[in-house]
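Chemist: Got a structure here, written out as C-alpha coordinates. Questions coming.
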Amino acid sequence: MTAPEFLTTPQGRRIAYRRTEGAGPGVVFLGGFKSDMQGTKAVALEDWAKREGRAFLRFDYSGHGESGGEFTAGCIGDWAEDAQAVIEALTEGRQILVGSSMGGWISLLMARRLPERVAGLVTIAAAPDFTEDSMWAGFDQAQRTALDMVEQVALPSEYGEPYIITKRLIEDGRNHLMLRDRIDLPFPTRFLMGTADADVDLSVAYRLLERAEGPDIRLLLVKGKDHRFSDPECLALIEDAVAQVSAGMPGA
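Take the sequence shown: its position 134, counted from the start at 1, is 128 in our numbering, and no numbers get skipped.
Below, the structure is given as C-alpha coordinates:
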(Lines of atoms letter the chains of each structure in order from A and count residues from 1; the text may use other names and numbers.)
(Lines give C-alpha, C1' and ligand atoms only; values in the text may rest on other atoms or scores of the structure.)
Protein backbone atom coordinates (compact mmCIF):
# COMPACT_ATOMS: atom_id res chain seq x y z
CA MET A 1 0.00 0.00 0.00
CA THR A 2 1.38 3.36 -0.97
CA ALA A 3 1.83 6.05 1.65
CA PRO A 4 -0.73 8.86 1.59
CA GLU A 5 -0.05 12.43 0.66
CA PHE A 6 -1.18 15.26 2.93
CA LEU A 7 -2.98 18.56 2.53
CA THR A 8 -3.17 21.26 5.18
CA THR A 9 -6.57 22.90 5.00
CA PRO A 10 -7.21 26.63 5.44
CA GLN A 11 -8.33 25.75 8.98
CA GLY A 12 -4.95 24.12 9.69
CA ARG A 13 -6.09 20.49 9.68
CA ARG A 14 -3.79 17.86 8.11
CA ILE A 15 -5.75 15.69 5.69
CA ALA A 16 -4.44 12.41 4.27
CA TYR A 17 -5.38 11.55 0.71
CA ARG A 18 -4.61 9.28 -2.23
CA ARG A 19 -5.07 10.57 -5.75
CA THR A 20 -5.09 8.83 -9.12
CA GLU A 21 -4.45 10.86 -12.26
CA GLY A 22 -6.79 10.42 -15.20
CA ALA A 23 -9.42 11.93 -17.42
CA GLY A 24 -12.34 13.97 -16.23
CA PRO A 25 -14.80 14.30 -14.86
CA GLY A 26 -12.95 13.07 -11.81
CA VAL A 27 -14.53 11.00 -9.05
CA VAL A 28 -14.24 11.93 -5.38
CA PHE A 29 -15.15 9.40 -2.67
CA LEU A 30 -16.50 10.77 0.61
CA GLY A 31 -16.52 8.21 3.41
CA GLY A 32 -18.75 7.65 6.39
CA PHE A 33 -18.78 8.46 10.10
CA LYS A 34 -15.63 7.07 11.74
CA SER A 35 -14.76 5.33 8.47
CA ASP A 36 -11.62 5.82 6.39
CA MET A 37 -10.37 5.76 2.81
CA GLN A 38 -9.17 2.15 3.11
CA GLY A 39 -12.74 0.87 3.12
CA THR A 40 -13.94 -1.67 0.57
CA LYS A 41 -16.06 0.77 -1.43
CA ALA A 42 -13.36 3.43 -1.69
CA VAL A 43 -10.67 1.00 -2.81
CA ALA A 44 -12.96 -0.80 -5.26
CA LEU A 45 -14.03 2.48 -6.83
CA GLU A 46 -10.41 3.52 -7.16
CA ASP A 47 -9.70 0.26 -9.01
CA TRP A 48 -12.64 0.98 -11.31
CA ALA A 49 -11.36 4.50 -11.99
CA LYS A 50 -7.93 3.14 -12.87
CA ARG A 51 -9.46 0.66 -15.31
CA GLU A 52 -11.48 3.46 -16.88
CA GLY A 53 -8.58 5.91 -16.96
CA ARG A 54 -10.49 8.32 -14.72
CA ALA A 55 -9.15 10.76 -12.17
CA PHE A 56 -9.98 9.64 -8.63
CA LEU A 57 -9.53 11.02 -5.13
CA ARG A 58 -10.15 9.46 -1.73
CA PHE A 59 -9.29 11.05 1.61
CA ASP A 60 -9.76 10.87 5.37
CA TYR A 61 -11.61 13.59 7.25
CA SER A 62 -9.76 15.08 10.21
CA GLY A 63 -9.82 12.67 13.15
CA HIS A 64 -10.35 9.74 10.77
CA GLY A 65 -7.92 7.19 9.35
CA GLU A 66 -4.50 8.62 8.58
CA SER A 67 -5.44 12.29 8.92
CA GLY A 68 -4.44 14.40 11.87
CA GLY A 69 -6.66 15.37 14.79
CA GLU A 70 -8.88 13.60 17.28
CA PHE A 71 -12.17 12.10 16.17
CA THR A 72 -14.03 13.44 19.20
CA ALA A 73 -12.89 16.98 18.39
CA GLY A 74 -14.65 16.94 15.02
CA CYS A 75 -18.15 17.69 13.78
CA ILE A 76 -20.11 17.85 10.54
CA GLY A 77 -19.01 21.43 9.87
CA ASP A 78 -15.33 20.52 10.25
CA TRP A 79 -15.61 17.48 8.00
CA ALA A 80 -17.49 19.47 5.37
CA GLU A 81 -14.67 22.03 5.45
CA ASP A 82 -12.19 19.18 4.96
CA ALA A 83 -14.12 17.90 1.93
CA GLN A 84 -14.38 21.36 0.42
CA ALA A 85 -10.65 21.94 0.90
CA VAL A 86 -9.61 18.73 -0.86
CA ILE A 87 -12.03 19.25 -3.74
CA GLU A 88 -10.87 22.81 -4.29
CA ALA A 89 -7.15 22.11 -3.87
CA LEU A 90 -6.71 18.62 -5.32
CA THR A 91 -9.14 18.36 -8.24
CA GLU A 92 -9.62 20.16 -11.52
CA GLY A 93 -12.91 20.92 -13.19
CA ARG A 94 -16.22 19.32 -12.32
CA GLN A 95 -16.33 16.18 -10.20
CA ILE A 96 -18.67 13.27 -9.58
CA LEU A 97 -19.11 12.96 -5.83
CA VAL A 98 -19.69 9.50 -4.35
CA GLY A 99 -20.80 9.79 -0.73
CA SER A 100 -21.27 6.84 1.61
CA SER A 101 -23.46 7.18 4.73
CA MET A 102 -22.30 10.42 6.41
CA GLY A 103 -20.41 11.07 3.17
CA GLY A 104 -23.82 11.31 1.51
CA TRP A 105 -24.65 14.21 3.82
CA ILE A 106 -21.28 15.83 3.17
CA SER A 107 -21.70 15.42 -0.59
CA LEU A 108 -25.08 17.18 -0.44
CA LEU A 109 -23.43 20.05 1.42
CA MET A 110 -20.77 20.20 -1.31
CA ALA A 111 -23.47 20.34 -3.98
CA ARG A 112 -24.86 23.39 -2.16
CA ARG A 113 -21.50 25.07 -1.55
CA LEU A 114 -19.68 24.21 -4.78
CA PRO A 115 -22.38 23.84 -7.43
CA GLU A 116 -20.01 24.84 -10.22
CA ARG A 117 -17.63 22.00 -9.29
CA VAL A 118 -20.16 19.15 -9.10
CA ALA A 119 -20.90 17.18 -12.29
CA GLY A 120 -22.96 14.45 -10.69
CA LEU A 121 -23.78 12.70 -7.43
CA VAL A 122 -23.99 9.11 -6.22
CA THR A 123 -24.92 8.41 -2.61
CA ILE A 124 -24.76 5.04 -0.83
CA ALA A 125 -26.98 4.65 2.24
CA ALA A 126 -26.94 8.42 2.59
CA ALA A 127 -27.43 9.64 6.15
CA PRO A 128 -28.21 13.36 6.01
CA ASP A 129 -29.20 14.93 9.35
CA PHE A 130 -28.36 11.74 11.30
CA THR A 131 -27.01 13.68 14.30
CA GLU A 132 -30.46 15.19 14.83
CA ASP A 133 -32.95 12.66 13.45
CA SER A 134 -31.20 9.46 14.53
CA MET A 135 -28.85 10.28 17.40
CA TRP A 136 -30.56 13.12 19.26
CA ALA A 137 -34.07 11.88 18.54
CA GLY A 138 -33.08 8.45 19.84
CA PHE A 139 -31.45 9.59 23.08
CA ASP A 140 -33.31 8.89 26.30
CA GLN A 141 -33.42 11.47 29.08
CA ALA A 142 -30.35 10.03 30.82
CA GLN A 143 -28.30 10.32 27.63
CA ARG A 144 -29.48 13.86 27.00
CA THR A 145 -28.59 14.79 30.57
CA ALA A 146 -25.14 13.22 30.21
CA LEU A 147 -24.58 15.11 26.99
CA ASP A 148 -25.48 18.35 28.73
CA MET A 149 -23.43 17.69 31.89
CA VAL A 150 -20.27 15.98 30.60
CA GLU A 151 -20.69 16.95 26.92
CA GLN A 152 -20.44 13.42 25.58
CA VAL A 153 -22.18 10.05 25.56
CA ALA A 154 -21.04 6.61 24.37
CA LEU A 155 -23.15 4.69 21.87
CA PRO A 156 -22.62 0.98 21.09
CA SER A 157 -21.40 0.16 17.60
CA GLU A 158 -21.47 -3.03 15.54
CA TYR A 159 -18.24 -1.87 13.87
CA GLY A 160 -15.91 -1.91 16.90
CA GLU A 161 -15.45 0.41 19.88
CA PRO A 162 -18.41 2.50 21.07
CA TYR A 163 -18.96 5.82 19.32
CA ILE A 164 -18.26 8.79 21.57
CA ILE A 165 -20.89 11.37 20.63
CA THR A 166 -20.12 14.91 21.73
CA LYS A 167 -22.37 17.82 22.49
CA ARG A 168 -20.52 19.79 19.82
CA LEU A 169 -21.31 17.14 17.18
CA ILE A 170 -25.03 17.34 17.94
CA GLU A 171 -25.22 21.12 18.17
CA ASP A 172 -23.10 21.71 15.07
CA GLY A 173 -25.15 19.22 13.08
CA ARG A 174 -28.17 21.51 13.48
CA ASN A 175 -26.35 24.14 11.43
CA HIS A 176 -26.10 21.80 8.43
CA LEU A 177 -29.46 20.04 8.19
CA MET A 178 -30.53 19.20 4.63
CA LEU A 179 -33.90 17.45 4.83
CA ARG A 180 -35.91 20.46 6.02
CA ASP A 181 -35.77 22.31 2.70
CA ARG A 182 -35.58 21.79 -1.05
CA ILE A 183 -32.28 20.30 -2.24
CA ASP A 184 -31.29 21.47 -5.71
CA LEU A 185 -29.37 18.80 -7.63
CA PRO A 186 -29.20 20.08 -11.24
CA PHE A 187 -27.06 17.17 -12.45
CA PRO A 188 -27.45 13.38 -12.78
CA THR A 189 -28.01 11.91 -9.32
CA ARG A 190 -28.33 8.35 -8.04
CA PHE A 191 -29.31 7.39 -4.50
CA LEU A 192 -28.48 3.74 -3.60
CA MET A 193 -29.69 1.94 -0.49
CA GLY A 194 -30.28 -1.56 0.85
CA THR A 195 -33.64 -2.49 2.33
CA ALA A 196 -31.95 -4.34 5.22
CA ASP A 197 -30.00 -1.26 6.36
CA ALA A 198 -30.12 -1.26 10.17
CA ASP A 199 -28.29 2.06 10.54
CA VAL A 200 -30.24 4.35 8.20
CA ASP A 201 -34.00 3.95 8.04
CA LEU A 202 -35.60 3.65 4.61
CA SER A 203 -37.67 6.73 5.43
CA VAL A 204 -34.48 8.79 5.11
CA ALA A 205 -34.09 7.71 1.48
CA TYR A 206 -37.71 8.61 0.75
CA ARG A 207 -37.37 12.00 2.44
CA LEU A 208 -34.20 12.68 0.46
CA LEU A 209 -35.92 11.78 -2.79
CA GLU A 210 -38.86 14.01 -1.87
CA ARG A 211 -36.65 17.01 -1.07
CA ALA A 212 -34.32 16.60 -4.05
CA GLU A 213 -35.13 18.58 -7.20
CA GLY A 214 -33.37 18.06 -10.52
CA PRO A 215 -33.77 16.72 -14.05
CA ASP A 216 -32.27 13.24 -13.51
CA ILE A 217 -32.69 11.85 -9.99
CA ARG A 218 -33.27 8.17 -9.22
CA LEU A 219 -33.48 6.07 -6.06
CA LEU A 220 -32.37 2.43 -6.28
CA LEU A 221 -33.42 0.14 -3.43
CA VAL A 222 -31.71 -3.24 -3.27
CA LYS A 223 -33.65 -5.87 -1.36
CA GLY A 224 -31.78 -7.52 1.48
CA LYS A 225 -28.60 -5.44 1.37
CA ASP A 226 -27.33 -3.85 4.59
CA HIS A 227 -25.62 -0.60 5.45
CA ARG A 228 -22.19 -1.75 4.34
CA PHE A 229 -23.44 -2.14 0.74
CA SER A 230 -20.05 -3.58 -0.17
CA ASP A 231 -20.49 -7.13 -1.46
CA PRO A 232 -19.56 -7.75 -5.13
CA GLU A 233 -23.12 -7.13 -6.35
CA CYS A 234 -23.32 -3.80 -4.52
CA LEU A 235 -19.88 -2.70 -5.69
CA ALA A 236 -20.96 -3.39 -9.28
CA LEU A 237 -24.09 -1.29 -8.72
CA ILE A 238 -21.98 1.60 -7.42
CA GLU A 239 -19.72 1.44 -10.47
CA ASP A 240 -22.77 1.30 -12.74
CA ALA A 241 -24.29 4.33 -11.01
CA VAL A 242 -21.12 6.36 -11.54
CA ALA A 243 -21.10 5.30 -15.20
CA GLN A 244 -24.77 6.30 -15.56
CA VAL A 245 -24.08 9.71 -14.02
CA SER A 246 -21.13 10.19 -16.39
CA ALA A 247 -23.23 9.22 -19.40
CA GLY A 248 -26.02 11.54 -18.35
CA MET A 249 -23.88 14.63 -18.12
CA PRO A 250 -24.46 17.39 -20.73
CA GLY A 251 -22.17 16.80 -23.68
CA ALA A 252 -21.50 13.17 -22.72
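From the three backbone atoms N, C-alpha and C, an ideal C-beta is built for every residue, glycine too.
(1) Does DSSP put Arg168 in a helix, in a strand, or in coil?
(2) Which of helix, strand or coil does DSSP assign to Ser151?
(3) Tell whether a beta-carbon distance below 8 Å holds between Tyr11 and Leu51.
(4) Closest by CA to Thr2, which one among Gln78, Gly154 and Lys28?
(5) Please determine, among Arg45, Phe23 and Gly71, the residue with the shortest C-alpha to C-alpha distance to Gln5.
(6) Are there three or more Cβ pairs, one per stretch, closer than 8 Å when the region 193 to 202 is compared with the region 114 to 130?
(7) Which residue wins for smallest C-alpha separation from Ala49, given the options Ala67, Gly18, Lys35 and Val92?
(8) Roughly how many whole angstroms lie between the Cα atoms of Ala246 and Leu231?
(9) Keeping to the same chain, check which residues put their C-beta closer than 7 Å to that of Pro156; ignore five residues upstream and five downstream.
(10) Kindly indicate which three-state DSSP category Glu86 falls into: helix, strand or coil?
(11) Candidates Val92, Ile9 and Lys219: which alpha carbon is nearest Ala43's?
Modeler: Short version:
(1) coil
(2) If DSSP states are grouped into helix, strand and coil, Ser151 belongs with coil.
(3) Their beta carbons are under 8 Å apart, which means Tyr11 touches Leu51 by this criterion.
(4) Gln78
(5) Gly71
(6) yes
(7) Gly18
(8) In this predicted model, Ala246 has a pLDDT of only 48, less than 50, meaning its place in the structure is not dependable enough to derive any value.
(9) Ala148, Leu149 and Pro150
(10) Note: Glu86 maps to coil in three-state DSSP.
(11) Comparing alpha-carbon positions, the option among Val92, Ile9 and Lys219 lying closest to Ala43 turns out to be Val92.
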